[in-house]
Each structure stands twice: as structure tokens, then as C-alpha cells.
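Enquirer:
Residue numbers (full-length UniProt numbering): 1 to 204.
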């Protein structure tokens with residue numbers, strides 16, 4: 001309950017102010033996302049999470065972060081307060097990661113993952129995707145929603161010369177129940193890569 005209060009009183013309003021006033025953000029979405037889903041996106045700017053928070057408004061998105069980030073003073077406490085899900089590097093940490101993400105998806109929530117694995121340096125080009133987000137979606141039986149962030153290669157500009165940050169929300173990718181989990185996850189990853197390439201081509 002405290003986390004939801006924090007989301008609605010701090011994170012959601014902050015995402016509106018920072019992305020609309022600070023960067024001039026527009027969200028391009030065909031229709032609102034219904035039900036649980038794994039949100040996958042490119043990641044090239046520290047404020048990418050806030051842009052995605054605004055894109056999913058009024059839904060809450062629980063993001064994933066490396067467990068080492070939770071050891072950073074102040075930042076770690078903020079991550080914990082807002083329900084960020086840690087990804088551990090050992091077997092126990094990975095089990096806890098899967099437990100928390102599956103619990104959120106079973107409750108109908110959104111889980112946000114950057115499948116490149118780290119922040120990129122070129123906003124026009126994505127690194128090869130890693131399969132974890134897609135394996136999670138297959139295991140939970142939920143769709144993956146690709147989101148392409150365009151214009152995130154620069155920090156905030158002055159208000160009269162501010163940078164733009166557009167969020168292009170792709171089409172849901174549903175796991176194929178006729179496939180094995182391994183093949184279904186790889187098929188979803190290939191479809192997501194194709195959508196990212198198409199969104200990048202249309203909206204460079």
C-alpha cells in the first residue's frame with residue numbers, strides 16, 4: 001500500500017513534469033494495455049524509466065534493476081520504496097527475482113525490463129536482446145510489449161531548447177502455447193527485435 005501511495009504521489013507526477021516540461025515527451029500508442037505484460041524497451045538515458053512510467057499511465061510499472069544498485073546509499077532505499085525488483089547474480093538472487101516478477105504478473109501488473117542488459121551509447125542502434133524478459137513472459141503466460149524510445153541520447157536541454165523524447169509503443173507479442181518454452185521465448189525475442197527495427201526505421 002505504501003508503495004502505491006508513493007507511486008501516485010511522487011513517481012507518477014514526477015514523470016509527468018520531467019518528461020513533458022523538461023524534455024517535451026510524446027507517447028504514441030494505438031490503445032491502452034490491458035492486463036499483465038512485460039514491457040521491453042531500449043535504454044540509453046537515465047530518465048528512460050520515467051518516460052515509460054508516463055507511457056503506461058495510469059498503470060504502475062515495476063522495473064527491474066541489478067541487485068548491486070540496491071547497495072548504493074539513498075538510491076538503494078528509493079529503489080526498494082518504489083518496489084523495484086532486484087536481479088541477483090547468483091542462483092538465490094535469480095530465484096527471488098522470478099518469484100517477485102511472477103507475483104506481480106499474476107496480480108495483473110506490468111513489469112518493465114531493458115532486454116539489452118545495460119544502457120546503450122547509441123540511441124539509433126540497439127544491442128542484441130537477451131532472452132530473460134521473454135522467458136519470463138512465456139513462463140507467466142503474458143504478452144511482451146516492445147517500446148521504442150526515440151531521442152533519449154541527450155540529457156535535459158534548456159526549456160527553450162529542450163530535447164525531445166518520444167515513446168512509440170509496439171504491438172503485443174503473445175507466447176505460442178504450441179511451442180516449448182525455449183522456442184516460444186526465442187520466437188518472441190525475434191518478433192520484438194523485428195518490431196524494434198521497424199519502429200527505428202519509421203521513427204529514426
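For glycine and all other residues, C-beta sits at the position ideal for the given N, C-alpha and C.
The model shown is predicted, which means the values in this text are computed figures rather than measured ones.
1. By how many angstroms is the C-alpha of residue 179 removed from the C-alpha of residue 43?
2. For residue 196, tell me which candidate among 85, 126, 166 has the shortest Cα-Cα distance.
3. Looking only at its own chain, which residues have a Cβ that is under 6 angstroms from the Cβ of residue 86, when we skip the five neighbours before and after it?
4. Within its chain, find whatever has a CB closer than 7 angstroms to the CB of residue 100; leave out the 5 residues flanking it on each side and keep chain order.
5. Under 8 angstroms: do the segment 72-86 and the segment 32-40 share three or more Cβ pairs, one atom per stretch?
6. Between which two residues does the beta strand (DSSP E) carrying residue 39 extend?
7. Do residue 184 and residue 138 have their C-beta atoms closer together than 7 angstroms?
8. Three-state secondary structure (DSSP) at residue 169?
9. Could you tell me which uninterrupted beta strand (DSSP E) segments, each at least 3 residues in length, are contained entirely in the segment 77-148, listed from first to last along the chain?
10. Might you give, ordered along the chain, the residues of its own chain that have their beta carbon closer than 6 angstroms to the beta carbon of residue 64, omitting 5 neighbours on each side?
11. With a threshold of 7 angstroms on Cβ separation, who are the neighbours of residue 189 within its own chain once the five nearest residues in sequence on each side are excluded?
12. Give me the Cα-Cα distance between residue 89 and residue 79, rounded to the nearest whole angstrom.
13. Take residue 57 as the anchor and find which of 27, 45, 83 has the nearest alpha-carbon.
14. Helix, strand or coil for residue 48? Go by DSSP, reduced to three states.
15. Go to residue 70, then tell me how far its alpha helix (DSSP H) extends in each direction, as first and last residue.
16. Could you check whether the Cβ of residue 138 sits closer than 6 angstroms to any heavy atom belonging to the ligand MG?
17. Of all the options 175, 204, 201, which has the alpha carbon lying nearest to the alpha carbon of residue 191?
18. Less than 8 angstroms between C-beta atoms, sequence neighbours within five positions excluded: which residues of the same chain meet that for residue 93?
Expert: Well, looking at it:
1. 29 angstroms
2. 126
3. 67, 70
4. 85
5. no
6. 37-41
7. yes
8. strand
9. 85-87, 110-113
10. 85, 87, 113
11. 129, 131, 134
12. 18 angstroms
13. 27
14. helix
15. Here residue 70 belongs to no alpha helix (DSSP H), and DSSP marks it neither H nor E.
16. You won't find the ligand MG in this model; it holds no ligand whatsoever.
17. 175
18. 67, 86, 87
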